[in-house]
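*Asks:* Residue numbers (my numbering): 151 to 510. Even glycine gets a Cβ: it sits at the ideal position worked out from N, Cα and C.
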């Protein structure tokens with residue numbers, strides 16, 4: 151230190167000769183900066199830091215070039231979306247293994263029960279056809295306990311909350327991974343997370359092995375739900391705002407208030423179905439005429455809303471998913487653009503898997 155500061159004097163810089171402005175808490179001096187404002191801030195810049203700034207490119211007058219650039223941007227966005235999806239699949243593969251997959255399935259099932267009040271048997275009977283194209287509604291076929299065998303089965307449609315739709319989207323992604331070893335029919339909505347045997351068999355006979363991805367049965371559903379809820383209750387015990395969940399699905403169902411529902415006919419009306427498919431083809435032509443997906447959110451809004459409305463009405467009427475997709479294809483809408491009409495991508499992948507009966 152050049153000078154003794156015990157008497158209160160500030161030290162002097164050995165090179166510039168300037169006195170320090172003050173002392174820091176650790177005793178180090180604060181030196182003045184040449185050209186500074188004297189208030190401890192950064193020195194003010196002098197002159198133009200970039201005397202020759204780059205000139206922004208002039209807009210192109212070539213429509214073909216603009217179209218090519220827009221298509222390139224669309225392809226880049228699709229590639230980025232595919233990479234994000236692959237990352238999410240890898241995260242789900244590595245996240246808690248079977249426990250994470252079971253939790254995703256049980257969360258989706260519990261959410262559907264809270265929206266519909268469905269029994270375990272009615273829940274296990276659901277197929278992919280019972281989900282609306284946009285995952286906005288679900289179709290439940292009631293199975294009253296005291297109903298006569300020859301009595302008609304009531305069919306009810308229930309709207310799904312946003313949280314339920316998010317849970318179904320996550321579960322359909324898990325379901326796609328579970329279907330990798332299944333080569334038979336794949337249209338059941340709820341499938342097993344791990345392999346199991348085929349039930350009780352005679353002595354000396356090897357039980358039939360059922361791989362992960364086969365249809366979930368009522369007894370296995372109740373056991374998986376109880377195990378998952380018990381673990382969740384233990385993990386979240388003592389958390390502010392957390393209430394213990396019932397460990398039986400029937401207790402959860404009985405606590406549901408009367409949900410909103412729409413009664414639908416058990417069989418579609420052929421004349422009404424033909425009218426809706428004609429409207430769907432016209433909406434598909436309008437969507438297919440759009441040059442890029444970005445315009446579907448602006449200029450194609452009317453066609454998009456019409457397609458979604460017709461899809462919902464046709465699904466409520468009982469028109470199968472494949473018939474609706476065939477109408478969109480007949481209207482000129484490519485398979486990669488079907489989501490413009492409001493289809494959920496993961497549901498489309500599940501339907502494709504069920505149609506071709508081969509692992510994706």
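Applying the criterion that 16 or more other CB atoms from any shown protein chain within 10 Å of the CB defines a buried residue, is residue 166 buried or exposed?
*Replies:* exposed
*Asks:* Using DSSP's beta-bridge definition, name the partner residues of residue 306.
*Replies:* 290, 413
*Asks:* Once you ignore the five residues that flank residue 375 on each side, which residues in its own chain have a CB closer than 6 Å to its CB?
*Replies:* 256, 399
*Asks:* Count the other CB atoms, across all protein chains shown, that sit within 10 Å of the CB of residue 406; report buried if there are 16 or more and exposed otherwise.
*Replies:* exposed
*Asks:* DSSP three-state call for residue 418: helix, strand or coil?
*Replies:* coil
*Asks:* Counting C-beta neighbours from all protein chains within 10 Å, is the total for residue 338 16 or more, i.e. buried, or is it exposed?
*Replies:* buried
*Asks:* Taking residue 456 as part of the alpha helix (DSSP H), name the residues at either end of that continuous run.
*Replies:* Note, residue 456: alpha helix (DSSP H), 451 to 467.
*Asks:* Put residue 107 into one of helix, strand or coil per three-state DSSP.
*Replies:* Residue 107 is absent from the model: the chain starts at 151 and stops at 510.
*Asks:* Would residue 466 and residue 288 qualify as a contact pair, given that the criterion is a beta-carbon distance under 8 Å?
*Replies:* no
*Asks:* Residue 499 and residue 336 - do their beta-carbons sit closer together than 8 Å?
*Replies:* no
*Asks:* For residue 365, which residues of its own chain have a beta-carbon under 7 Å away from its beta-carbon, when the five flanking residues on both sides are left out?
*Replies:* 338, 341
*Asks:* Who are the Cβ neighbours of residue 290 in its own chain at under 6 Å, not counting the five residues just before and after it?
*Replies:* 266, 268, 272, 306
*Asks:* Indicate the three-state DSSP secondary structure (helix, strand or coil) for residue 432 in the structure shown.
*Replies:* helix
*Asks:* Which residues in the same chain have their Cβ closer than 6 Å to the Cβ of residue 160, if we skip the five residues on either side of it in sequence?
*Replies:* 169, 170
*Asks:* In this structure, how does DSSP classify residue 372 when only helix, strand and coil are distinguished?
*Replies:* DSSP places residue 372 in the helix class (H, G or I) of the three-state scheme.
*Asks:* Quick check on this structure: which residue in 432, 279, 309, 303 has the alpha carbon closest to the alpha carbon of residue 411?
*Replies:* 309
*Asks:* Output the boundary residues of the alpha helix (DSSP H) element that contains residue 317.
*Replies:* 312 to 328
*Asks:* Unbroken alpha helix (DSSP H) runs of length 4 or more, entirely within the region 251 to 279: which are they?
*Replies:* Every alpha helix (DSSP H) stretch that sits fully inside the region 251 to 279 and reaches 4 residues is listed by chain position as 270 to 274.
*Asks:* When you compare only the Cα positions, how much space is there between residue 408 and residue 264?
*Replies:* For residue 408 and residue 264, the distance between alpha carbons rounds to 10 Å.
*Asks:* May I have the straight-line CA-CA distance separating residue 454 from residue 367, to the nearest angstrom?
*Replies:* 38 Å
*Asks:* In whole angstroms, what is the alpha-carbon distance linking residue 386 and residue 262?
*Replies:* 22 Å
*Asks:* Count the other CB atoms within 10 Å of the CB of residue 303; is the residue buried (16 or more) or exposed (fewer)?
*Replies:* exposed
*Asks:* Report buried or exposed for residue 258, applying the criterion of at least 16 other Cβ atoms within 10 angstroms of its Cβ.
*Replies:* buried
*Asks:* Is residue 491 closer than 8 Å to residue 105 when the C-beta atoms are compared?
*Replies:* This structure gives no information on residue 105, because the portion of the chain shown stretches from 151 to 510.
*Asks:* What is the rounded straight-line gap between the Cα of residue 299 and the Cα of residue 292?
*Replies:* 13 Å
*Asks:* Under DSSP, the alpha helix (DSSP H) around residue 475 begins and ends at which residues?
*Replies:* 471 to 480
*Asks:* What did DSSP end up calling residue 384 once you bin it into helix, strand or coil?
*Replies:* helix
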